[in-house]
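Please read the structure below before turning to the comments.
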Amino acid sequence: ADRGMIASGEASGNLNAILHDLAHQSEKSALIISKVRGAMIYPAAIFIIMGICLFLILTMVVPKLTELFTSGGKELPTSTQLLMKASELAQNYWAAILLFILFLVLCLIGLRQTKQGRYSIDLFLLYTPVFGKLLRELMVSRFARMLSSLMKAGVPIVHALEIDANALGNAVYTQRVSYAAQDVAQGIPLGENLSGSDFLFPPMVASMVLVGEQTANLSEVSSKVADYYEEEVDNAVASLSKLMEPMILVVMGGMVGFIVAAIMQPIMSLSDIST
Numbered sequence: 019a020d021r022g023m024i025a026s027g028e029a030s031g032n033l034n035a036i037l038h039d040l041a042h043q044s045e046k047s048a049l050i051i052s053k054v055r056g057a058m059i060y061p062a063a064i065f066i067i068m069g070i071c072l073f074l075i076l077t078m079v080v081p082k083l084t085e086l087f088t089s090g091g092k093e094l095p096t097s098t099q100l101l102m103k104a105s106e107l108a109q110n111y112w113a114a115i116l117l118f119i120l121f122l123v124l125c126l127i128g129l130r131q132t133k134q135g136r137y138s139i140d141l142f143l144l145y146t147p148v149f150g151k152l153l154r155e156l157m158v159s160r161f162a163r164m165l166s167s168l169m170k171a172g173v174p175i176v177h178a179l180e181i182d183a184n185a186l187g188n189a190v191y192t193q194r195v196s197y198a199a200q201d202v203a204q205g206i207p208l209g210e211n212l213s214g215s216d217f218l219f220p221p222m223v224a225s226m227v228l229v230g231e232q233t234a235n236l237s238e239v240s241s242k243v244a245d246y247y248e249e250e251v252d253n254a255v256a257s258l259s260k261l262m263e264p265m266i267l268v269v270m271g272g273m274v275g276f277i278v279a280a281i282m283q284p285i286m287s288l289s290d291i292s293t
């Protein structure tokens with residue numbers, strides 16, 4: 019997309035303005051993407067740390083208590099039995115578990131290298147709870163911002179859509195915008211084409227694009243669409259950060275509570291027997 023805009027600026031003698039718009043667009047895009055990544059990295063890092071701590075508890079703490087649990091000869095609570103089985107699994111098959119996780123990661127990486135695999139993974143991401151909606155809003159904002167910049171640079175709409183499709187970074191949106199470029203080349207208005215894909219492009223986007231085409235002001239309208247969805251992404255990221263904190267606390271509290279209950283119940287039983 020950047021090369022297309024620069025080439026158009028050179029051809030039209032408006033390279034200075036094009037470079038200014040390109041820098042502004044790149045700055046906005048980088049800021050939004052960094053916010054989205056930050057929102058996703060935080061919970062991922064917390065759950066990875068939780069997984070490591072759980073593994074250490076299962077392999078180092080629980081085994082030392084196993085003999086104490088079984089010495090009383092009394093039937094253990096279900097929670098304690100589950101904890102002990104998880105501990106045995108972690109101790110005896112930790113290498114197999116790590117290899118399996120590594121195998122899954124490599125499979126996902128290899129799958130993403132194929133066209134159909136990348137499409138399937140990107141489609142799955144768009145349907146994920148919370149993050150899917152955020153990703154769709156991000157894609158719409160990038161689509162509209164790129165289209166506005168390309169149209170403003172004097173790139174014909176069909177070529178602008180082709181460039182835009184290849185610069186979105188999501189295989190599902192790339193395919194959909196490529197189809198839109200083919201239909202626009204056949205004389206079908208872009209707004210009319212997008213109106214059939216409410217999941218990827220909300221009705222408001224299709225309506226505004228259609229108005230922009232009818233008023234010959236598509237560049238300005240696309241810019242306003244991009245501004246709106248960039249603000250939506252900002253608000254969604256802020257809300258997501260606030261929402262994830264109590265959710266993480268609940269998950270951590272539940273895990274810690276289960277472990278404490280599983281350890282304390284048989285200890286309390288033993289103390290009752292001794293008295």
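Heads up, the sequence shown is in our numbering, so the first residue is 19 and it goes up one at a time.
Think of the CB as a built atom: it goes at the ideal place given N, C-alpha and C, for glycine as much as any other residue.
Worksheet item: If we ignore side chains and look at the alpha-carbon of each, how far apart do Y137 and G272 end up?
Response: Taken atom to atom, the span from the alpha-carbon of Y137 to that of G272 is near 36 Å.
Item to complete: Check each candidate in L156, V268, S196 and name the one with the smallest Cα separation from K46.
Response: Minimum Cα-Cα distance from K46 among the listed residues L156, V268, S196 corresponds to L156.
Practice prompt. Specify whether the stretch 240-256 and the stretch 186-193 touch according to this definition: at least 3 beta carbon pairs, one from each stretch, less than 8 Å apart.
Written response: No: the two stretches stay apart, fewer than three of their Cβ pairs being nearer than 8 Å.
Fill in: Proximity test, Cβ basis, 7 Å: G135 and chain D
Structure shown: chain D not included; a single protein chain is present.
Discussion item. Within 8 Å, do at least three Cβ pairs link the stretch 153-172 to the stretch 236-247?
Written reply: Cβ pair count under 8 Å is three or more, so yes.
Worksheet item: Going straight from the alpha carbon of M226 to that of G209, what length do you get?
Response: Between M226 and G209, the C-alpha separation is close to 7 Å.
Discussion item. Our contact map puts M102 next to M270 with C-beta atoms below 8 Å; I'd like the distance itself, whole angstroms only.
Written reply: Not confirmed; about 22 Å, so no contact.
Fill in: V54, DSSP secondary structure in three states
Secondary structure of V54 (DSSP, three-state): helix.
Discussion item. Using a 10 Å radius around the Cβ and a threshold of 16 neighbouring Cβ atoms, would you call R194 buried or exposed?
Written reply: The residue in question, R194, is buried, as its Cβ has 16 or more Cβ neighbours within 10 Å.
Discussion item. Let me make sure I understand the geometry here. Which of I277, A62, L49, L153 has the alpha-carbon closest to that of L263?
Written reply: According to the sequence as given, residue 263 is Glu; it is not Leu. For the residues I277, A62, L49, L153, the minimum Cα distance to E263 belongs to A62.
Worksheet entry | Every unbroken alpha helix (DSSP H) inside the stretch 105-170 [4 residues or more] | When DSSP assignments are scanned along the stretch 105-170, the uninterrupted stretches of alpha helix (DSSP H) that are 4 or more residues long and fall wholly within it turn out to be 133-145, 149-170.
Discussion item. Please state whether the Cβ-Cβ distance between G150 and L141 is less than 7 Å.
Written reply: Going by C-beta atoms, G150 is not nearer than 7 Å to L141.
Worksheet item: Any chance the CB of A183 is under 6 Å from a heavy atom of the ligand NAD?
Response: No copy of the ligand NAD occurs in the structure displayed, which carries no ligand at all.
Worksheet entry | Of the listed residues A279, S52, S237, E106, nearest to I170 (C-alpha basis) | Looking at the sequence provided, one finds Lys at residue 170 rather than Ile. Its Cα nearest to that of K170, the residue S237 stands out among A279, S52, S237, E106.
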